[in-house]
Each structure stands twice: as structure tokens, then as C-alpha cells.
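Following: one structure in C-alpha cells, then a few remarks.
Residue numbers (our numbering): 13 to 274.
Structure below.
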């Protein structure tokens with residue numbers, strides 16, 4: 013590769029006249045495992061990722077040629093990316109006749125790695141879709157959409173709670189486990205006035221901030237699953253750190269409430 017002076021058209025500055033090459037100390041290469049080495053590895057890995065994103069299926073030889081890396085060096089990076097689940101290796105498709113030997117392997121980014129390469133706007137799209145539903149169908153249509161979205165979640169949680177019994181607090185504990193398996197990071201606890209179900213993650217928080225019908229539908233599901241009236245005390249969608257649902261002791265009515273005053 014040309015040096016910066018050659019690329020800029022400026023004369024290169026050489027060593028002072030009379031100074032021997034041996035008198036100039038060579039720059040020390042970063043030791044393996046040092047911060048400099050780790051940073052260089054990360055930079056090279058980013059370049060490999062970018063090339064795979066731009067070119068699609070690419071052989072190790074092609075990657076090494078573009079990046080100026082030896083076969084051993086490019087293989088080290090690809091092995092690390094394979095181990096981390098960032099790339100997949102598969103046999104190269106050859107059209108027509110090919111020579112002897114096995115086809116070369118090509119490497120492609122996994123969906124997870126590809127998803128980290130750009131900005132996604134799923135929340136914006138979901139919000140825009142609900143705005144359209146609201147404009148064309150009104151609040152009732154949004155409520156129907158929200159109920160349909162949580163129906164499958166309710167079915168999966170109900171199946172996971174089959175052996176929880178009839179006690180609302182025991183069912184809340186089982187529900188917390190089922191919600192955690194769904195990615196909600198939930199836990200249940202007993203308090204003086206009954207029980208409390210906390211969800212530390214909400215996958216639709218940004219959308220629910222504008223459309224509380226999503227929180228209301230979820231609260232109704234919790235009520236049906238624990239088998240008693242519940243009260244939503246706090247939600248991530250409205251700026252609280254945790255979605256908190258109170259389960260009153262010895263209560264059997266079926267009304268559900270959700271805070272929407274913020």
C-alpha cells in the first residue's frame with residue numbers, strides 16, 4: 013500500500029542525511045493480549061464484518077487479499093467470529109464444471125451480526141401503524157389490535173402455569189417464570205397487602221407510551237392468568253423503572269385497572 017506522502021503528492025521526508033537505518037528504532041508491535049493488540053483485532057474484525065456485509069458470501073482468501081492479511085491471520089479472525097455466532101461457513105456454489113477437490117468455503121454474516129450493522133426503526137414503524145389504525149378505526153380498533161397481540165402470549169403463559177394451582181400468589185410466581193422465559197425479566201413477591209409482580213423489561217415500552225391500550229391488554233392478561241383482580245401501579249412506558257402489578261390478597265372481583273395519568 014502507498015504511504016500517505018505518496019497518496020498526497022507531497023515529497024516523502026526521509027531520515028536525516030548520514031543517519032544509518034540501524035540507528036532508527038523500529039516501532040514496537042503490540043504484545044499479544046495487550047490493549048493495543050485487542051484494539052487492532054477489533055478494528056480488523058470490524059473490517060471483515062463490513063466486507064461481508066457489502067459482498068455477501070466471500071472466501072477467506074478473498075477477505076485476506078482485500079485486507080492484506082495472511083491466510084493464518086484471516087483464519088484466526090474468522091474462527092473467532094464463528095465461535096461468537098457472527099458468521100456462518102458453507103461450501104461455495106460453483107456453476108458449471110469445476111476442478112478436482114472440495115469447493116472452497118465461503119463465509120456469510122449471521123442475521124444477528126447483520127442486525128447490529130445498521131439502525132433499525134421497528135418502534136417507529138409500530139407507532140406509525142397504530143396511528144394509522146387509530147385514525148381509521150378509532151380507539152376500539154387499537155384495543156382490538158392490542159388484545160390480539162397479547163393473545164398468543166397468554167396462551168403460552170397459561171400452558172406454562174398448568175401446575176400452579178389456584179392460589180393467586182402461587183400463580184403470580186409461576187407467571188413471573190413464564191414471563192421471564194418470554195424476555196420480560198419478571199419476578200413475584202409477597203407483600204403485606206397481597207402480592208406483587210414486577211417486570212423489569214418491556215418490549216413495547218416506546219410504543220405503549222403513546223398507546224396505553226397495549227398496557228391495558230397486558231394487565232387484563234395478568235388478571236386472567238392469576239385468577240383475580242389486579243392493579244397496575246407503575247409502567248416502564250410511563251417513565252417508571254419497572255412495570256409493577258399489585259395482586260390484592262383474598263380479592264376475587266374481575267375488574268382491572270392501569271395507570272394512564274402521565
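Backbone N, C-alpha and C fix where the C-beta goes; we use that ideal spot for every residue, glycine too.
Small disclaimer: the values here were computed from a predicted structure and weren't measured.
- A Cβ-Cβ distance of about 15 Å is found for the pair residue 67 and residue 93, leaving them out of contact under the 8 Å criterion.
- Contact between the stretch 84-98 and the stretch 148-161 is absent: fewer than 3 CB-CB pairs across the two stretches fall below 8 Å.
- Here residue 99 carries a strand assignment [DSSP, helix/strand/coil].
- In its chain, beyond the 5 residues on either side, 97, 98, 99 and 100 have a beta carbon closer than 7 Å to the beta carbon of residue 122.
- With a threshold of 16 other beta carbon atoms within 10 Å, residue 70 meets it and is buried.
- In the structure shown, residue 243 falls within a strand segment according to DSSP collapsed to helix, strand and coil.
- Only residues of its own chain outside the window of five on either side were considered, and among them 229 have a CB closer than 6 Å to the CB of residue 159, listed in chain order.
- Using a Cβ-Cβ distance cut-off of 8 Å, the stretch 237-246 and the stretch 178-193 are in contact, since at least three pairs of beta carbons, one from each stretch, lie closer than that value.
- Residues 237 of the same chain have their beta carbon placed closer than 8 Å to that of residue 170, with the five preceding and five following residues left out of the count.
- For residue 218, the enclosing alpha helix (DSSP H) has its first and last residue at 217-220.
- Take the alpha-carbon of residue 259 and the one of residue 157: they are about 26 Å apart.
- Of the other Cβ atoms in all chains shown, 16 or more fall within 10 Å of the Cβ of residue 227; this residue is therefore buried.
- Residue 202 carries a strand assignment under DSSP once its states are collapsed to helix, strand and coil.
- Contact between residue 188 and residue 198 holds, since their C-beta atoms are separated by about 4 Å, short of 8 Å.
- Listed as beta-bridge partners of residue 258 by DSSP are 208 and 243.
- Bounds of the alpha helix (DSSP H) holding residue 157 are 134-172.
- Spanning the alpha carbons of residue 79 and residue 124 requires a straight line of approximately 23 Å.
- Here residue 122 carries a coil assignment [DSSP, helix/strand/coil].
- Nearest to residue 201 by alpha-carbon distance, out of 164, 64, 214 and 261, is 261.
- Of the other Cβ atoms in all chains shown, fewer than 16 fall within 10 Å of the Cβ of residue 137; this residue is therefore exposed.
- Ranked by how close their Cα comes to the Cα of residue 175, the residues 164, 163 and 190 have 190 in first place.
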